[in-house]
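**Student:** Line by line, the protein sequences are chains A and B. The end of the first sequence is residue 115 by this note's numbering, with every number in the run present. The end of the second sequence is residue 1109 by this note's numbering, with every number in the run present. Please read through the structure below; I'll follow up with questions.
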Amino acid sequence: GALVYQYPRRTICKSGTSMRMECQAVGFQATSVAWYRQSPQKTFELIALSTVNSAIKYEQNFTQEKFPISHPNLSFSSMTVLNAYLEDRGLYLCGAGPAGQNTLYFGAGTRLSVL
Amino acid sequence: GQQVQQSPASLVLQEGENAELQCNFSSTATQLQWFYQSPGGSLVSLLSNPSGTKHTGRLTSTTVTKERRSSLHISSSQTTDSGTYLCAKTSGGNYKPTFGKGTSLVVHP
């Protein structure tokens, strides 16, 4: 079956430092990868959508300078939260989807705490 | 405004009761998914149902595309069903599901 693994599952970083999180797709080709953030008391916000061999498209209020994303192949993606502050706390979810299907398979998320 | 609206915001049941969750969306959806988010945060896809009715186990989803609504029926609820149920729609082929705020379900023994 199609599985998406995210790691780390939980992480804590000091305010002003950076944190990298990874997303691994197993059992299918992750042509598209979407990164979401679920902040406390909020629903999921789309950060960016990455499609292999295409430019990464960031949503309003999110920038490459703050959330650089790498999507080097059809099984892996990573995102870094640069210069993290309290407002960056939350659950970061990776959703990956194969070409030709309008469905994303989600990982269990990386929960980021900022001290 | 909110593209995906879910109701009720929260629901409390006794074990064995049925639950009916609603999802309304403001524009045409080419894909409609229901997810379960555990109290720990993990997201699990329950059903993909862009139109019609689908069943899996104790879950039944009915989506009426032209009316831009979908429902999720949980029969004979169990305490392990407690968590948040999220509806997400995708329009076109852009792989960008838009999520609702979810329905928080608590099932008491």
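Just so it is clear, CB atoms sit at the ideal spot from N, CA and C, and this is done for glycine as well. From a predicted model like this one, the values you see are computed outputs, not experimental measurements.
Given a threshold of 16 other Cβ atoms within 10 Å of its Cβ, counted over all protein chains shown, does Leu46 (chain A) qualify as buried or as exposed?
**Tutor:** The residue labelled residue 46 (chain A) in the question sits at position 46 within the first sequence. Buried.
**Student:** Pick from B:His1108, B:Val1107 and B:Thr1103: whose alpha carbon is nearest that of Trp1034 (chain B)?
**Tutor:** Position 34 of the second sequence holds residue 1034 (chain B). Comparing Cα positions, the closest option is B:Thr1103.
**Student:** Cα separation between Gln6 (chain A) and Val81 (chain A)?
**Tutor:** For the purposes of this step, residue 6 (chain A) is taken as residue 6 along the first sequence, with counting starting at 1. For the purposes of this step, residue 81 (chain A) is taken as residue 81 along the first sequence, with counting starting at 1. Each residue's alpha carbon lies about 15 Å from the other.
**Student:** Rounded to the nearest angstrom, what separates Pro8 (chain A) and Ser70 (chain A) at their Cα positions?
**Tutor:** Position 8 of the first sequence, counted from the first residue, corresponds to residue 8 (chain A). Position 70 of the first sequence, counted from the first residue, corresponds to residue 70 (chain A). Cα-Cα distance, rounded: 16 Å.
**Student:** Pro1050 (chain B) and Gln1031 (chain B) - do their beta-carbons sit closer together than 9 Å?
**Tutor:** On the second sequence, position 31 is the one that residue 1031 (chain B) refers to. On the second sequence, position 50 is the one that residue 1050 (chain B) refers to. Contact flag set, yes.
**Student:** Gly1100 (chain B) touches chain A at which residues, Cβ-Cβ below 8 Å?
**Tutor:** Locating residue 1100 (chain B) in the second sequence gives position 100, counting from the first residue. The answer, in chain order, is Thr43.
**Student:** Any beta carbon from chain C within less than 9 Å of Gln1031 (chain B)'s own beta carbon?
**Tutor:** No chain C is present in this structure, whose protein chains are A and B.
**Student:** In terms of alpha-carbon separation, which member of B:Ser1026, B:Gly1083, B:Leu1047 and B:Ser1075 lies closest to Thr103 (chain A)?
**Tutor:** The residue labelled residue 103 (chain A) in the question sits at position 103 within the first sequence. Considering only alpha carbons, the answer is B:Leu1047.
**Student:** With distances taken Cα to Cα, identify the nearest neighbour of Gln1014 (chain B) among B:Ser1076, B:Pro1008, B:Ser1071 and B:Gly1040.
**Tutor:** Sequence index remark: in the second sequence, residue 1014 (chain B) carries index 14 (1-based). Looking at the Cα atoms, B:Ser1076 is the closest of the given residues.
**Student:** What are the residues that DSSP puts in a beta bridge with Arg1068 (chain B)?
**Tutor:** Here residue 1068 (chain B) refers to the residue found at position 68 when the second sequence is read from its first residue. For Arg1068 (chain B), which the question treats as bridged, DSSP gives no partner whatsoever.
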